[in-house]
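Colleague:
Numbering (the numbering used here), first residue to last: 95 to 518.
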């Protein structure tokens, strides 16, 4: 549902008379990617600990994590909303675009930033439900939120003619709809009010807060570097010309769509990995990782090969601009390494998040981004080479895969040594 809403956003904007709306939204989205993906630790830092608490049978911790993380997310979201003007000033200072594209980008930003508190609270709700293996409720939240986004897109962009501002406002309002439904799901749960005194006592304990912020710090660094790499890809594309920017924006929609499909597998891996970690079941963790990686790679390569064989029929749905459609086949082959390696990398992300191994993820992304992506991307910018820019993205995914795979046996050995069987 999430990539479907993004694709329909692109389709509505890609069929407007001027390509500046599509390009403006692509660039303004960089700011939100940096903000929201960086704070995605509210989701990632919730699922693993909740799943481990479920594995231990610790109901107090399950609800404690929801309460504490929700309060932190609400405070952070309100801070983003209060600082929206300084954030915009800094973000647009670094983005490269012409005046017409900038106008469209600012309009999108003004509409979408309203949803900041709802976005971060939804991260916590989704993480909490995933940690409890409540996949059906997560699907309902996705259906409600993204269906609302699609409907509002139609009214704001097509019927009202609000262009990029309408796209941003539709996304923001749909997040509040999703939040309302999520709160309803939590309220309908059997809330153990008798545990409230224990939860209240532990809510702001310094030791637990240090552990929480330590995990979230590593996840924040990991996510921020990944977002900076993906955002730099879009920003560097702008330096290579409006046509390259438009083509890469369309292809990145496919990458993001595929990432969400593969992330569905990764989220399941994360939830079960946390549960198996709580149970100290190393054998189950091994089979879980193999199954998850195989499923993700299959999904990624199936999408890539389909679009390589039939590129124009699909991308014609997203845009009517011929100068973009004629250039798509030149770059579409890069989807194979990007999505192939990406499938394994996303699964490994879920695995280590379930084990709350934030430091492992942080170290992997440091190597992948600083030693792999950025050196190649800067060379691509200097040589004015879109092909090398895609190579930098493929290398990023490959290095993430290699560095994380090397840590799996080490982590399993540690768990084996801590298991009850080893202790006995």
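Cβ atoms here follow ideal geometry from the backbone N, Cα and C, with glycine treated the same way.
#1: In terms of residues, what are the limits of the alpha helix (DSSP H) holding residue 121?
#2: Skipping 5 residues on each side, what residues in its chain have a beta carbon closer than 8 Å to that of residue 410?
#3: Could you tell me the alpha carbon to alpha carbon distance between residue 161 and residue 154, rounded to whole angstroms?
#4: For the stretch 435 to 447 and the stretch 479 to 498, state whether three or more C-beta atom pairs, one from each stretch, are separated by less than 8 Å.
#5: Using a Cβ-Cβ cutoff of less than 6 Å, which residues in the same chain neighbour residue 223 once the five nearest sequence positions on both sides are dropped?
#6: Going by the CB atoms, is the gap between residue 489 and residue 482 shorter than 8 Å?
#7: Can you tell me whether residue 203 is buried or exposed, with buried defined as 16 or more other CB within 10 angstroms of its CB?
#8: On the CB-based measure, 16 or more other CB atoms within 10 Å of its CB, does residue 518 come out buried or exposed?
#9: Residue range of the alpha helix (DSSP H) that residue 254 falls in?
#10: In whole angstroms, what is the alpha-carbon distance linking residue 412 and residue 338?
#11: Using the beta-carbon count (16 or more within 10 Å), is residue 294 buried or exposed?
#12: Measuring straight from C-alpha to C-alpha, what distance separates residue 314 and residue 234?
#13: If you reduce the DSSP assignment to three classes, tell me which class residue 180 lands in.
#14: In three-state DSSP terms, what is residue 224?
#15: Smallest Cα separation from residue 312: which of 132, 237 and 351?
#16: Within 10 angstroms of its Cβ, does residue 129 collect 16 or more other Cβ (buried), or is it exposed?
#17: Excluding the five sequence neighbours on either side, which residues of its own chain have a C-beta within less than 7 Å of the C-beta of residue 388, listed in chain order?
#18: Report the rounded CA-to-CA distance for residue 470 versus residue 486, giving the unit in angstroms.
#19: Please determine, among 380, 367 and 422, the residue with the shortest C-alpha to C-alpha distance to residue 446.
#20: Based on Cα-Cα distance, which residue from 340, 250, 156 and 334 lies nearest to residue 285?
#21: By how many angstroms is the C-alpha of residue 433 removed from the C-alpha of residue 349?
#22: Apart from the five residues on each side of it in sequence, which residues of its chain come closer than 8 Å, Cβ to Cβ, to residue 257?
#23: Is it buried or exposed, residue 515, if we count other Cβ atoms within 10 angstroms and call 16 or more buried?
#24: Relative to the alpha-carbon of residue 503, which residue among 227, 151 and 380 has its alpha-carbon at the smallest distance?
#25: How many Å lie between residue 174 and residue 277 at the Cα?
#26: Note the first and the last residue of the continuous alpha helix (DSSP H) segment covering residue 208.
#27: DSSP three-state label for residue 400, please.
#28: Taking DSSP as the reference, what is the three-state secondary structure of residue 240?
#29: Tell me whether the beta-carbon of residue 273 lies closer than 8 Å to the beta-carbon of residue 246.
#30: Can you tell me whether residue 420 is helix, strand or coil according to DSSP?
#31: Can you find the residues in the same chain that come closer than 7 Å, C-beta to C-beta, to residue 421, ignoring five residues on each side of it along the sequence?
#32: Examine chain C for any beta-carbon lying closer than 8 Å to the beta-carbon of residue 141, and answer yes or no.
#33: Looking at residue 207 and residue 269, is the spacing between their C-beta atoms short of 8 Å?
#34: Which residues bound the alpha helix (DSSP H) around residue 150?
#35: On the criterion of 16 or more Cβ atoms from any shown chain inside 10 Å, does residue 183 qualify as buried, or is it exposed?
#36: Could you round the C-beta distance between residue 137 and residue 215 to whole angstroms and report it? I think they count as a contact, below 8 Å.
Modeller: Looking at the coordinates:
#1: For residue 121, the enclosing alpha helix (DSSP H) stretches over residues 114 to 126.
#2: Closer than 8 Å at the Cβ level, and outside the excluded window around residue 410, lie 419.
#3: Residue 161 and residue 154: Cα-Cα distance of roughly 11 Å.
#4: Contact between the stretch 435 to 447 and the stretch 479 to 498 is established, with three or more Cβ pairs separated by less than 8 Å.
#5: Closer than 6 Å at Cβ, skipping near neighbours: 231 and 232.
#6: Their beta carbons are not under 8 Å apart, which means residue 482 does not touch residue 489 by this criterion.
#7: Around the beta carbon of residue 203, a 10 Å sphere encloses 16 or more other beta carbons of the protein chains shown; the residue is thus reported as buried.
#8: In this predicted model, residue 518 has a pLDDT of only 32, less than 50, meaning its place in the structure is not dependable enough to derive any value.
#9: Note, residue 254: premise wrong, no alpha helix (DSSP H); not H, not E.
#10: Computed Cα separation, rounded: 16 Å.
#11: Residue 294 is exposed by the Cβ-count criterion.
#12: Approximately 27 Å between the Cα atoms of the pair.
#13: Here residue 180 carries a helix assignment [DSSP, helix/strand/coil].
#14: Looking at residue 224 - three-state DSSP - the assignment turns out to be helix.
#15: Residue 312 has its Cα closest to that of 132, out of 132, 237 and 351.
#16: Counting C-beta atoms within 10 angstroms of its own C-beta, residue 129 has 16 or more neighbours from the protein chains shown and is therefore classed as buried.
#17: Closer than 7 Å at the Cβ level, and outside the excluded window around residue 388, lies no residue.
#18: Approximately 5 Å, taken between the alpha carbons.
#19: Minimum Cα distance to residue 446 is reached at 367.
#20: When each option's Cα is compared against that of residue 285, the closest is 156.
#21: Distance between residue 349 and residue 433, taken at the CA atoms: about 7 Å.
#22: Answer for residue 257: 107, 110, 115, 198, 201 and 251, listed in chain order.
#23: Only weak support is given to the placement of residue 515: the predicted model assigns it a pLDDT of 40, under 50, and the value that follows is read from those uncertain coordinates. Counting the other Cβ atoms within 10 Å of the Cβ of residue 515 gives fewer than 16, which makes it exposed.
#24: Proximity to residue 503 across 227, 151 and 380 peaks at 380, based on C-alpha coordinates.
#25: Between residue 174 and residue 277, the C-alpha separation is close to 21 Å.
#26: Annotation for residue 208: no alpha helix (DSSP H) segment contains it, and DSSP assigns it neither H nor E.
#27: In this structure, residue 400 counts as helix in the three-state DSSP scheme.
#28: In this structure, residue 240 counts as helix in the three-state DSSP scheme.
#29: Remark: C-beta atoms of residue 273 and residue 246 do not approach each other more closely than 8 Å.
#30: DSSP places residue 420 outside both helix and strand once states are collapsed to three, so it counts as coil.
#31: For residue 421, same chain residues with a beta-carbon under 7 Å away, outside a window of 5 residues either side, are 337 and 341 in chain order.
#32: Annotation note: the requested chain C is absent from the structure, which comprises a single protein chain.
#33: No, they are not a contact pair.
#34: Counting along the chain, the unbroken alpha helix (DSSP H) around residue 150 starts and ends at 135 to 150.
#35: Flag for residue 183 reads exposed.
#36: Rounded, the Cβ-Cβ distance is 11 Å, inconsistent with contact.
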